[in-house]
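To start, the structure itself, in structure tokens.
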Amino acid sequence: THRGRKSMLKLLDAYELTPSFVGFVTNDDGYPKKPDPTAFTAILHYHGLSQAETLAVGDRDIDILAGRDAGLTTCIYGNKVVGCTADINIKSYEELFEYLACNSWEAQD
32 THRGRKSMLK LLDAYELTPS FVGFVTNDDG YPKKPDPTAF TAILHYHGLS
82 QAETLAVGDR DIDILAGRDA GLTTCIYGNK VVGCTADINI KSYEELFEYL
132 ACNSWEAQD
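Under the numbering used here, the residues of the sequence shown are numbered 32 to 140, in order.
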């Protein structure tokens with residue numbers, strides 16, 4: 032996230048989403064800012080995940096561009112109009128969790 036750790040935890044707690052995450056990278060961690068994909072690749076490496084089993088979710092162009100450059104399937108969240116195309120469009124947390132429960136995906140070639 033582009034947020035600092037404190038701000039991010041406050042937001043996750045407000046939406047009761049904290050238990051849904053096993054890790055995260057914030058701007059406090061010193062990685063280059065998105066759309067640079069370095070933070071995405073670092074978290075993949077840290078958790079031993081493959082690109083094919085990872086979904087990059089974001090609400091801004093730079094999130095989608097960073098995810099795509101990291102070789103991930105991308106998901107735009109929310110109703111905001113963005114200037115790039117994601118693989119998946121999700122409008123709510125409920126829709127996102129339903130998608131994750133019902134689908135598997137592979138990164139686009």
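From the three backbone atoms N, C-alpha and C, an ideal C-beta is built for every residue, glycine too.
No residue range can be given for alanine 117, since it is assigned to no alpha helix (DSSP H) and is classified by DSSP as neither H nor E. In the structure shown, tyrosine 46 adopts coil according to DSSP, grouped into three states.
The three-state secondary structure of glycine 98, taken from DSSP, is helix. Using a Cβ distance threshold of 7 Å, alanine 101 and threonine 57 do not count as a contacting pair. Counting along the chain, alanine 83 sits inside no beta strand (DSSP E), nor does DSSP assign it H or E at all.
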